[in-house]
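Protein sequence lines correspond, in order, to chains A and B.
To convert, note that position 173 of the first sequence is 173 in the numbering used here; the numbers rise steadily by one, no gaps.
To convert, note that position 16 of the second sequence is 686 in the numbering used here; the numbers rise steadily by one, no gaps.
C-beta: ideal position from N, C-alpha, C; glycine also.
Note that the structure is a prediction, hence the values are computed from the model and not measured.
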Amino acid sequence: MKPQQQVPRNALVWMIICLFTLMAPHAARIPLWILAIYVFSAVWRMLVYSGRWSFPGRRVKILLTLSGFAGIYLSYGSLIGLEPTVALLLTAFALKLIELTSRKDAYVLLFLGYFICITEFLFTQDLLIVLYSLLNVLLITTALVALHQPGEHQFNRKTIRLAGIMLLQAMPLMVVLFFMFPRIGPLWAVPAKSQTAKTGMSDFMKPGDVSRLSQSADVAFRVQFDGEIPAPSQMYWRGLVFSTLQEGAWRSLRYYDVPVAERRPQEVLTSGEPLNYSIIMEPTQQNWLYSLRYAQAEHLGVMAAADFSLFLLVPLEDQYRYNVSSWPEALLETALSDWRRKTELQLPAQDNPQTRQLAQELRRGVASDGDFVKAVLNKFNTEPYIYTLQPEALPGEHPMDQFLFRTRRGFCEHYAYAFVVMMRAGGVPARVVAGYQGGEVNPVNKTVIVHQFDAHAWAEVWLAGQGWVRVDPTAAVSPERIEWGLEQALAGEGSFLENSPLSPLRYRSIAWVNLLRLRYDALTYRWQTWVVGFNSEQQFQLLQNVFGEISARKFAAVLLGSWALVLIPVAISLLRKRATHQLSTLDKQYLIFCSRLAGVGIDREPGETPDQLAHRARQAMPALAARIDQITSLHGDLAYREKAGSPELETDLLRQFKKVVAGFRPRKGQ
Amino acid sequence: MQLQGVIDAAVAEVGQVLLGKEPQIRLALCCLFARGHLLIEDLPGMGKTTLSQALAEVLGLSWKRVQFTSDLLPADILGVSVYDRNDASFSFHPGPIFTQLLLADEINRTTPRTQSALLEAMAEGQVTVEGETRPLPDPFFVVATQNPIHQSGTYPLPESQLDRFLMRLELGYPHPRAEREMLLRQQVTLANRDVLTQRIDGAQLDAIRSAVGQVHASDNLLDYLQRLVAYTRQSAEFEVGLSPRGALALLESAKTWAVMHNRGHVVPEDLQMVLPAVASHRLVPSGDYAGGGMALIDLLQRNVDVIRP
């Protein structure tokens, strides 16, 4: 192997460091045996370096590769999908190290490293991960630099500094590319994540679902209001509307089960100033979006359902930002169609007989539907019902009978469930709404952070003349939940986030922890708004704002122009650097002579002396031999001979040299 | 000029016994004119001894040869004081070093102790035995030969001592045509050949040496020399670059070369001609560079621009 092809020791050390730092963020997601492979590969490679082991043979390599595949198949049950693919890549990355012999192999490994660095973003785009990835890029670049420092035997900071400088120099180009490069949709689909453990609402609701969700301190979404932030008790983030009750679970209507005429929302008369806000949602793998009622979103791909909720046509795989206008006072669906009335009154015929009987009795005792609502809420309020995160299970066929007459302990979904069953039994159209309620206002940047533990379920009833009206039975049981949030409502119980001992939210009472958390959240919001959320639409808008109407040609011009803008200073500084070596008139003139020779195909080699060049030139162009000799000998006299004569003589010679060079115009074939 | 004719005649004279090696003969003469010591490194039987003896003969110098072995002691070279019973005093018996041209054959076969005794004498031009300092004759040249170090039973000279030699030459195998001529003449051993005519006398040697002092090295040339030296110090292929002494040696040799070619000033060719002989033993390639010493010089010469950086 040629010496240039060897991998220097310090580059190897950097590569092994890269190997582990690149794998680290994936560590929690991949099976343990892949971690073992990393250690195994690193140890093997180091033993190879120290000469105690040898490189693996062909058979061993094939065996390792096949067992890698087999291991991933056994661990994931498939080789296709995002996680198995990434795991495969990580395994290959580690195994490549032990067959790394030449510089070419090192290139493969390091460029794969850049790619692995990107795969992390398929899972999370958190700000800290971005910073960590920058560190990784620095380390990989350092390894690449070290690969080209064969003389450096010491493992030193010089290498990393050089890599850092190179990356900083690349920064302007990166910014230009970020803003200017066309954001073409993916040509192939990234396999969807198969995480089922992701917390969030699901498309049906059983008693206990929301309380489970309330254990999580994850962020569901962040909201930025254009104006004043409404009171927490007014922030009911509608997500899903559940209209059918089947086998003890509430479900939303399926699109195709709805008659065609009922698929679109009715016209809503809006009045007054709307609340304008934008929401950045964390990925949910689901279609629906959250908003305050009554919401309109002017966004490509955001649809409005007949129940006035918003949804997307494709599941939410990445963070998504959308702008919404809401009119909280608008009247929804003042005229109820027969089909919808029937649907919103439906109850399974045999379930919960006691509850139905109670409801019918209460309805008979009051004059109007509105009073009936009040009567039921009054019952929740005055009788000993308890709001708790630890309700008892409700076994049997009649869960609401169990809840209302026996356990009397429940979370929001229990009360919403019971309330809607009673309403429907009493002949009032009603449905369950699932979403989030409240949110934490971040004083740093005035965003509202809605966590998973803000998950909530409430009810909507249809009253003549008012349309759909929100009723929150939980408010009748535990007004604190609505006014102050879950933590206060459960203060006596101590069950708030009891399963997440490390969540910074638990340490809110420590002022600096809280401030740090809020600051970081504000930074995350900004990051999401400006970087993660910068999509083709926003790019288009930005370019349009700056450059006016955009055409393909103009776009290309802008793109190339901005590249030029970044690269021209680089070019200038490079040229400057060269120009700092002041060439003497003599050298300048001689180089003109050389460039004329180069023009006819006689290039001067760096180590070639004037005489050697002249010799070659004479042979190539015998006709000009005399001229070439004259120039060369004049140059030799001026450059190397002792200056015997007066300065005037010297300048005279120089002038003569200039003249001869100027007159030297060789042509090809002369 | 007269000197050039003398030098050419000397080269031709040596060329009679060492066939087809004119460049090496010229470099060896250049080394001696520059008051330097010469190291010839090659396999046995390549004409190392022939060259050194021929040099002594054409220069009309006294000549001695020491075969270095592992049991050679410093006193074997420098000389010893012996008690004279008649005079009842010690008298100094000078060693073989007291000569004008010393051939130190296979210098790397002896122990470092003896090597350093020789090298000290080379550097200082005098020897000190038993507290008495005795000057060596003038001119004093050492032509040392050395087998390539990967042969067994050798004590390779350290870099610091290699630096004492102005030049290192490799003779190499003769050209087939030259070898044929040699075979026809059957003049291989020293014993059966005639002594060469002296071509350069003491006065001429002094003239050459004083001419070297007059040679002009222009700024342009010194720039080139410094670029060469800087390259060996900065480039990754070199573990150790040229020392300031190496740079001086380079300039001195180039000046001598210029004189030998009848020029009053140094041109880049002069530097390039002496560069391999002067620099190759002073440079240490870095651990990751696997090319040979000469390839290294080639690289140096190709990468450093003669005209400008």
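Spatial distance of Leu-654 of chain A from Arg-783 of chain B (CA atoms): For the purposes of this step, residue 654 of chain A is taken as residue 654 along the first sequence, with counting starting at 1. For the purposes of this step, residue 783 of chain B is taken as residue 113 along the second sequence, with counting starting at 1. Rounded to whole angstroms, Leu-654 of chain A to Arg-783 of chain B spans 58 Å at the Cα level.
Is there at least one Cβ from chain A nearer than 8 Å to His-886 of chain B's Cβ? On the second sequence, position 216 is the one that residue 886 of chain B refers to. Yes, contact with chain A.
Pick from B:Asp-808, B:Leu-743 and B:Val-882: whose alpha carbon is nearest that of Leu-788 of chain B? As a first step, residue 788 of chain B is located in the second sequence; it is residue number 118 there, counting from the start. Closest by alpha carbon: B:Leu-743.
Can you have a look at Thr-196 of chain A and say buried or exposed, based on whether 16 or more other CB atoms are within 10 angstroms of its CB? Within the first sequence, residue 196 of chain A is the residue found at index 196, counting from 1. At Thr-196 of chain A, the pLDDT of 44 sits below 50, so the modelled position is not reliable; the number obtained from the coordinates is stated separately. With fewer than 16 other Cβ atoms within 10 Å, it is exposed.
Identify the residues that DSSP records as bridge partners of Gln-671 of chain A: which are they? Past the edges of chain A, shown from 1 to 670, lies residue 671 of chain A, and the structure says nothing about it.
Would you mind stating whether Asn-442 of chain A and Leu-518 of chain A have Cβ atoms separated by less than 8 Å? Locating residue 442 of chain A in the first sequence gives position 442, where the first residue counts as 1. Locating residue 518 of chain A in the first sequence gives position 518, where the first residue counts as 1. Yes. Within cutoff.
Within its chain, find whatever has a CB closer than 6 Å to the CB of Ala-662 of chain A; leave out the 5 residues flanking it on each side and keep chain order. Indexing the first sequence from 1 puts residue 662 of chain A at position 662. Excluding sequence neighbours, Ala-662 of chain A sits near nothing in its chain.
Sequence-distant residues of the same chain with beta carbon closer than 8 Å to Ser-625 of chain B, five excluded per side: It is not possible to answer for residue 625 of chain B, since the shown part of chain B is limited to 671 through 979.
Is DSSP giving Gly-239 of chain A helix, strand or coil here? The residue you call residue 239 of chain A lines up with position 239 of the first sequence. Gly-239 of chain A: strand per DSSP, three-state reduction.
Is there contact between the stretch 876-894 of chain B and the stretch 636-647 of chain A, where contact requires at least three CB pairs shorter than 8 Å? yes
I believe Val-146 of chain A touches Asn-10 of chain A by the beta-carbon criterion, under 8 Å. Please report the beta-carbon distance rounded to the nearest angstrom. Reading the first sequence from its first residue, position 146 is the one you call residue 146 of chain A. Reading the first sequence from its first residue, position 10 is the one you call residue 10 of chain A. Here residue 146 of chain A turns out to be Ala, not Val, going by the sequence shown. With a Cβ gap of about 5 Å, Ala-146 of chain A and Asn-10 of chain A count as contacting.
If you compare alpha carbons, which of A:Pro-8, A:Ala-425, A:Arg-526 and A:Ala-393 is closest to Ala-349 of chain A? Counting from one through the first sequence, the residue named residue 349 of chain A turns up at place 349. The shortest Cα separation from Ala-349 of chain A among A:Pro-8, A:Ala-425, A:Arg-526 and A:Ala-393 belongs to A:Ala-425.
For the stretch 682-702 of chain B and the stretch 901-917 of chain B, state whether three or more C-beta atom pairs, one from each stretch, are separated by less than 8 Å. no
Start and end residues, alpha helix (DSSP H) containing Thr-21 of chain A: Residue 21 of chain A sits at position 21 when you count from the first residue of the first sequence. It spans 9-23 - the alpha helix (DSSP H) in which Thr-21 of chain A sits, taken as one unbroken run.
Could you tell me if Gly-548 of chain A is buried or exposed, where buried requires 16 or more neighbouring beta carbons within 10 angstroms of its beta carbon? As a position in the first sequence, residue 548 of chain A is number 548, starting the count at 1. So Gly-548 of chain A counts as exposed.
By how many angstroms is the C-alpha of Phe-555 of chain A removed from the C-alpha of Leu-131 of chain A? To locate residue 131 of chain A, count along the first sequence from 1; it is residue 131. To locate residue 555 of chain A, count along the first sequence from 1; it is residue 555. Using only the alpha carbons, I get a separation of about 31 Å.
Step through the CB atoms of chain A and report whether any lies within less than 8 Å of the CB of Gln-971 of chain B. By 1-based counting over the second sequence, the position of residue 971 of chain B is 301. Judged by the 8 Å Cβ criterion, Gln-971 of chain B is in contact with chain A.
Partners in chain A for Arg-869 of chain B, counting only beta-carbon separations shorter than 7 Å: Here residue 869 of chain B is taken as the residue at index 199 of the second sequence, counted from 1. Those within 7 Å of Arg-869 of chain B in chain A number zero; the least Cβ separation is about 28 Å.
Same chain, Cβ closer than 8 Å to Leu-806 of chain B, five either side skipped, listed in chain order: What you label residue 806 of chain B is simply residue 136 of the second sequence in a count that begins at 1. Excluding sequence neighbours, Leu-806 of chain B sits near Ile-767, Phe-768, Ala-791, Gly-795, Gln-796 and Val-797.
Identify the residues that DSSP records as bridge partners of Pro-955 of chain B: which are they? On the second sequence, position 285 is the one that residue 955 of chain B refers to. The partner list for Pro-955 of chain B (beta bridge, DSSP) reads B:Phe-908.
Neighbour list for Asn-932 of chain B in chain C, Cβ cutoff strictly below 8 Å: Considering every chain present, this structure includes no chain C. Its protein chains are A and B.
Partner residues on chain A for Gln-942 of chain B, Cβ-Cβ distance less than 7 Å: Walking along the second sequence from the start, residue 942 of chain B turns up at place 272. By Cβ distance, chain A contributes Thr-609.
Minimum Cβ-Cβ distance from Pro-647 of chain A to chain B less than 8 Å: As a first step, residue 647 of chain A must be located in the first sequence, where it is residue number 647. Pro-647 of chain A does not count as touching chain B.
Quick one: does Asp-587 of chain A have its CB under 8 Å from some CB of chain B? Taking the first sequence and counting its residues from 1, the one referred to as residue 587 of chain A is at position 587. Asp-587 of chain A counts as touching chain B.
What's the C-alpha gap between Asp-603 of chain A and Leu-966 of chain B? On the first sequence, residue 603 of chain A is found 603 positions in, with the first residue counted as 1. On the second sequence, residue 966 of chain B is found 296 positions in, with the first residue counted as 1. Asp-603 of chain A and Leu-966 of chain B: Cα-Cα distance of roughly 23 Å.
Exposed or buried, which one is Tyr-385 of chain A when buried takes at least 16 other CB atoms within 10 Å? Along the first sequence, read from residue 1 onward, the residue named residue 385 of chain A stands at position 385. Burial call: buried.
Residues in the stretch 633-644 of chain A with C-beta within 7 Å of chain B's C-beta atoms, listed in sequence order? Gly-636, Ala-639, Tyr-640, Arg-641 and Glu-642
Kindly say whether Asn-890 of chain B, judged by its beta-carbon, lies nearer than 8 Å to any beta-carbon of chain A. To locate residue 890 of chain B, count along the second sequence from 1; it is residue 220. Cβ-Cβ to chain A under 8 Å: yes for Asn-890 of chain B.
Go to Phe-993 of chain B, then tell me how far its beta strand (DSSP E) extends in each direction, as first and last residue. Since the displayed chain B opens at 671 and closes at 979, residue 993 of chain B lies outside it and no answer follows.
Would you report the Cα separation of Phe-738 of chain B and Gly-717 of chain B, rounded to the nearest angstrom? Along the second sequence, read from residue 1 onward, the residue named residue 738 of chain B stands at position 68. Along the second sequence, read from residue 1 onward, the residue named residue 717 of chain B stands at position 47. Approximately 17 Å between the Cα atoms of the pair.
Three or more C-beta pairs closer than 8 Å, one from the stretch 126-143 of chain A and one from the stretch 34-54 of chain A: is that the case here? no
If you run the structure through DSSP and keep just helix, strand and coil, what is Trp-327 of chain A? Mapped onto the first sequence, residue 327 of chain A falls at position 327. Looking at Trp-327 of chain A - three-state DSSP - the assignment turns out to be coil, as it is neither helix nor strand.
Find the nearest neighbour of Arg-222 of chain A within the set A:Lys-104, A:Asp-454, A:Lys-658 and A:Ala-416, judged by alpha-carbon distance. Position 222 of the first sequence, counted from the first residue, corresponds to residue 222 of chain A. The option with the nearest alpha carbon to Arg-222 of chain A is A:Asp-454.
Can you name the start and end residues of the beta strand (DSSP E) that Val-681 of chain B belongs to? In the second sequence, counting from the first residue as 1, residue 681 of chain B sits at position 11. Premise fails: Val-681 of chain B lies in the alpha helix (DSSP H), 672-685, not in any beta strand (DSSP E).
Could you say if the stretch 618-628 of chain A and the stretch 867-877 of chain B meet the contact criterion of at least three C-beta pairs nearer than 8 Å? no
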